[in-house]
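Here is the structure we will look at.
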Amino acid sequence: MPMAAAAYSDSPNVCIGSVFPNATLFRQLILNCDAFPTDHCSGFTAVSHSDKAIIMSFRGTQGFLQLVTESSEALFANKTAFITGGQE
12 MPMAAAAYSD SPNVCIGSVF PNATLFRQLI LNCDAFPTDH CSGFTAVSHS
62 DKAIIMSFRG TQGFLQLVTE SSEALFANKT AFITGGQE
């Protein structure tokens with residue numbers, strides 16, 4: 012759970028370091044993810060050197076309006092063909 016909470020932070024390296032002392036934040040992305048410019052999706056990758064593990068964490072929706080917006084876009088927006096088949 013601490014890594015899921017870290018995805019909500021602007022500085023996930025603080026949370027990562029408190030749980031995995033020998034870990035390094037590799038990259039954090041914060042992107043616009045729907046029609047509202049104030050809604051952002053966030054995730055990060057980190058490396059735990061002592062555990063020899065890659066850590067990936069993504070933030071969930073923030074509030075009911077963002078959930079409804081992203082759900083309707085997923086259901087009703089035009090899909091883009093994906094090279095290996097299907098649509099994304």
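Residue numbering for the sequence shown follows my numbering, starting at 12 and increasing by one per position. Where is the CB? At the ideal position from N, CA and C, for every residue including glycine. These figures come from a predicted structure and were not determined experimentally.
Quick one: is the Cβ of residue i within less than 7 Å of any heavy atom of the ligand COA?
| i | result |
| --- | --- |
| residue 83 | Within the structure as shown, the ligand COA is missing, as the structure has no ligands at all. |
Going by the CB atoms, is the gap between residue j and residue i shorter than 8 Å?
| i | j | result |
| --- | --- | --- |
| residue 47 | residue 72 | no |
| residue 53 | residue 65 | no |
Measure the alpha-carbon distance for residue i versus residue j and round it to whole angstroms.
| i | j | result |
| --- | --- | --- |
| residue 84 | residue 36 | 31 Å |
| residue 23 | residue 56 | 10 Å |
| residue 13 | residue 28 | 11 Å |
| residue 77 | residue 50 | 7 Å |
| residue 74 | residue 59 | 31 Å |
| residue 67 | residue 43 | 19 Å |
| residue 91 | residue 45 | 16 Å |
| residue 61 | residue 70 | 25 Å |
| residue 16 | residue 38 | 16 Å |
| residue 20 | residue 30 | 15 Å |
| residue 26 | residue 82 | 30 Å |
| residue 18 | residue 96 | 31 Å |
Per DSSP, which one or two residues make a beta bridge with residue i?
| i | result |
| --- | --- |
| residue 54 | 40, 69 |
| residue 59 | 34, 64 |
- Query: Should the region 31-45 be regarded as contacting the region 85-96, the criterion being three or more beta carbon pairs within less than 8 Å?
  - Reply: The region 31-45, when compared against the region 85-96, does not touch it at the 8 Å Cβ threshold.
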